[in-house]
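A.B. asks: Position in the sequence shown (from 1) plus 5 gives the number in the working numbering.
We treat Cβ as the ideally placed atom computed from N, Cα and C, and that holds for glycine.
Being a predicted model, the structure only gives us computed values, none of them experimental.
I'd like to ask you about the structure that follows.
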Amino acid sequence: MTQSQNSPMGQKKWNIELKQFRADLHCHTYCSDGTDSPEAVVRKAHEIGLSGLSITDHDTIEAYTPELFALANDLNVRLLPGIEISSEWEKTTVHILGYGIDIHSEKLKAFLVEMNRRRDTRNRAIVEKLKAKKIDIEIEEVENLTKELYSNRTIGRPHIAELLIRKKVVSSIQEAFEKYLQEGASCYASGIKYTPAEVIAVIHEAKGKAVLAHPHFIRTGSHLRQLLKLPFDGLECHYGNLHKAQEKPWIARAKEKGILATGGSDYHGQCKPHISLGCSWVGEEVFNALLGLNPK
Ligand code: AMP
Ligand code: FE
Ligand code: FE
Ligand code: ZN
């Protein structure tokens with residue numbers, strides 16, 4: 006809302022932007038499996054009127070260059086350093102968001118290097134399983150396609166899926182996952198992941214806050230109860246296109262635990278076109294708490 010006001014002298018006129026503070030705390034760039042550059046996401050955030058943003062690429066903080074902070078500063082978009090780290094527990098993938106992390110932390114950097122090494126081994130294992138099924142595929146092709154598409158650094162199953170489409174082995178990403186790549190499918194391989202407790206510890210060591218991402222994806226209530234015994238600082242309650250009614254129980258859960266209720270869109274760009282940047286967001290209080298600016 007914009008208000009125009011006249012000074013008592015009747016000479017000076019100014020506009021006061023009474024803009025609501027909105028921060029999208031979950032999105033991906035082409036540094037992982039999104040399609041936009043980090044700069045494009047920051048510009049988009051500015052265009053749609055977001056006051057704050059956290060880019061949370063999978064297992065990488067490559068997006069956070071000094072140039073990106075400068076751009077965000079110029080556009081008046083507050084940037085909260087973030088990451089989404091994959092962990093594995095009881096054969097389930099658990100995504101953990103880290104906010105307000107020190108992007109210069111040597112421990113965090115070393116952890117991510119090791120994770121990438123494990124990821125490479127895992128990707129090669131998947132490709133070997135596909136080859137055993139007489140599918141003509143090489144790891145170099147996955148790497149080249151990833152570079153060609155997004156100059157990505159984190160190579161993952163979505164890129165293998167894309168290559169399988171190009172090779173006409175499948176006709177959609179979904180089919181690639183269902184037939185070959187998802188947990189339980191014929192060419193699935195695990196082995197990248199740390200446990201949720203290890204990931205939380207790394208985030209805390211890097212002075213960040215650990216948040217359980219999209220808890221509605223956790224398989225059972227019992228899994229969730231066990232997970233929430235870990236020292237999380239927050240729970241992602243507002244997510245993508247979830248309705249208010251669907252978010253309510255998660256907000257109650259965060260409150261009951263005395264942890265932050267966070268949220269974001271999980272925007273990935275063109276590869277998930279139904280999710281728009283800014284469709285889920287949090288206010289300034291939560292944003293500041295994650296930055297470590299005020300007590301939780
Ligand atoms: P990775 O980190 O290489 O194991 O790949 C995980 C990514 O694959 C997730 O972040 C999703 O973007 C995508 N993904 C996982 N499961 C599916 C699925 N069933 N259908 C489509 N995309 C999926
Ligand atoms: Fe993703
Ligand atoms: Fe996720
Ligand atoms: Zn995500």
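In whole angstroms, what separates the C-alpha of R171 from that of I197?
C.D. replies: Numbered from its first residue, the sequence shown carries residue 171 at position 166. Numbered from its first residue, the sequence shown carries residue 197 at position 192. Roughly 26 angstroms separates the two Cα atoms.
A.B. asks: Between K134, G245, A294, N293, which lies nearest to L286 when the distance is taken from Cα to Cα?
C.D. replies: For the purposes of this step, residue 286 is taken as the residue at position 281 of the sequence shown. It is Trp, not Leu, that sits at residue 286 in the sequence shown. For W286, the nearest C-alpha among the options comes from G245.
A.B. asks: Mapping DSSP to helix, strand and coil, what is W94?
C.D. replies: Numbered from its first residue, the sequence shown carries residue 94 at position 89. If DSSP states are grouped into helix, strand and coil, W94 belongs with the strands.
A.B. asks: Measuring from the CB of E146, is there a heavy atom of ligand 4 at a distance below 7 angstroms?
C.D. replies: For the purposes of this step, residue 146 is taken as residue 141 along the sequence shown, with counting starting at 1. Result no, Cβ not under 7 angstroms from ligand 4.
A.B. asks: Check C32 in the structure and name its three-state DSSP category.
C.D. replies: Taking the sequence shown and counting its residues from 1, the one referred to as residue 32 is at position 27. Here C32 sits in strand by DSSP.
A.B. asks: Can you list, in chain order, the residues of its chain with a C-beta nearer than 6 angstroms to that of V99? Leave out the 5 residues immediately preceding and following it.
C.D. replies: By one-based count along the sequence shown, residue 99 stands at place 94. Only S92, P201 meet the Cβ criterion.
A.B. asks: In whole angstroms, what separates the C-alpha of K277 from that of D41?
C.D. replies: For the purposes of this step, residue 277 is identified with residue 272 of the sequence shown, where counting begins at 1. For the purposes of this step, residue 41 is identified with residue 36 of the sequence shown, where counting begins at 1. For K277 and D41, the distance between alpha carbons rounds to 12 angstroms.
A.B. asks: My guess is that I106 and A211 are in contact by the Cβ rule of under 8 angstroms, so how many angstroms apart are they, rounded?
C.D. replies: Reading the sequence shown from its first residue, position 101 is the one you call residue 106. Reading the sequence shown from its first residue, position 206 is the one you call residue 211. Confirmed, about 4 angstroms.
A.B. asks: Between the C-alpha atoms of R48 and A77, what's the straight-line distance to the nearest angstrom?
C.D. replies: Within the sequence shown, numbered from 1, the residue matching residue 48 stands at position 43. Within the sequence shown, numbered from 1, the residue matching residue 77 stands at position 72. Cα to Cα, R48 sits roughly 8 angstroms from A77.
A.B. asks: Are the CB atoms of A166 and F182 nearer to each other than 8 angstroms?
C.D. replies: As a first step, residue 166 must be located in the sequence shown, where it is residue number 161. As a first step, residue 182 must be located in the sequence shown, where it is residue number 177. Taking 8 angstroms as the Cβ cut-off, A166 and F182 qualify as a contacting pair.
A.B. asks: Check whether the segment 124 to 144 and the segment 184 to 194 touch, using three or more Cβ-Cβ pairs below 8 angstroms as the test.
C.D. replies: Contact holds: three or more Cβ-Cβ distances are below 8 angstroms.
A.B. asks: Would P5 be called buried (16 or more neighbouring beta carbons within 10 Å of its own) or exposed?
C.D. replies: Residue coverage of the chain in this structure runs from 6 to 301, which leaves residue 5 outside it and unanswerable.
A.B. asks: Which same chain residues end up closer than 6 angstroms to G15 when comparing Cβ atoms and leaving out the 5 residues on each side of it in sequence?
C.D. replies: What you label residue 15 is simply residue 10 of the sequence shown in a count that begins at 1. Caution applies to G15, whose pLDDT of 40 falls short of 50 and renders its modelled position unreliable; the value that the coordinates give is listed next. None.
A.B. asks: In chain order, what residues place their C-beta within less than 6 angstroms of a heavy atom belonging to ligand 3?
C.D. replies: Listed by chain position, these are E89, H100, A218, H219.
A.B. asks: Let me confirm a value: D79 is counted as buried when at least 16 other C-beta atoms fall within 10 Å, else exposed. Which label applies?
C.D. replies: Here residue 79 is taken as the residue at index 74 of the sequence shown, counted from 1. When all chains shown are included, D79 counts as exposed.
A.B. asks: Can you find at least 3 beta carbon pairs, one from the segment 172 to 179 and one from the segment 215 to 224, that sit closer than 8 angstroms?
C.D. replies: Contact fails: fewer than three Cβ-Cβ distances are below 8 angstroms.
A.B. asks: With distances taken between CB atoms, is the gap from L240 to D29 smaller than 8 angstroms?
C.D. replies: Looking up residue 240 in the sequence shown gives position 235. Looking up residue 29 in the sequence shown gives position 24. The answer is no: Cβ separation not under 8 angstroms.
A.B. asks: So is the beta-carbon of H41 under 7 angstroms away from any non-hydrogen atom of ligand 2?
C.D. replies: For the purposes of this step, residue 41 is taken as residue 36 along the sequence shown, with counting starting at 1. His is not the amino acid found at residue 41; the sequence shown has Asp there. Because no heavy atom of ligand 2 lies under 7 angstroms away, the Cβ of D41 does not count as near it: no.
A.B. asks: On a CA-only basis, which of A50, T159, E146, K138 is nearest K184? Give me that one, please.
C.D. replies: Indexing the sequence shown from 1 puts residue 184 at position 179. Comparing Cα positions, the closest option is K138.
A.B. asks: Ignore the nearest five residues each way along the sequence and tell me which others in R302's own chain have a CB closer than 6 angstroms to its CB.
C.D. replies: With the chain covering only 6 through 301, there is no way to say anything about residue 302.
A.B. asks: Measuring alpha carbon to alpha carbon, tell me which of I66, I264, N81 ends up nearest S110.
C.D. replies: By one-based count along the sequence shown, residue 110 stands at place 105. The shortest C-alpha separation from S110 is found at I66.
A.B. asks: Taking a contact to mean a Cβ-Cβ separation below 8 angstroms, would you say T159 touches S37 in this structure?
C.D. replies: Within the sequence shown, numbered from 1, the residue matching residue 159 stands at position 154. Within the sequence shown, numbered from 1, the residue matching residue 37 stands at position 32. Going by C-beta atoms, T159 is nearer than 8 angstroms to S37.
A.B. asks: Anyone know if the C-beta pair for Y272 and H33 falls short of 8 angstroms?
C.D. replies: Within the sequence shown, the letter at position 267 stands for residue 272. Within the sequence shown, the letter at position 28 stands for residue 33. Taking 8 angstroms as the Cβ cut-off, Y272 and H33 qualify as a contacting pair.
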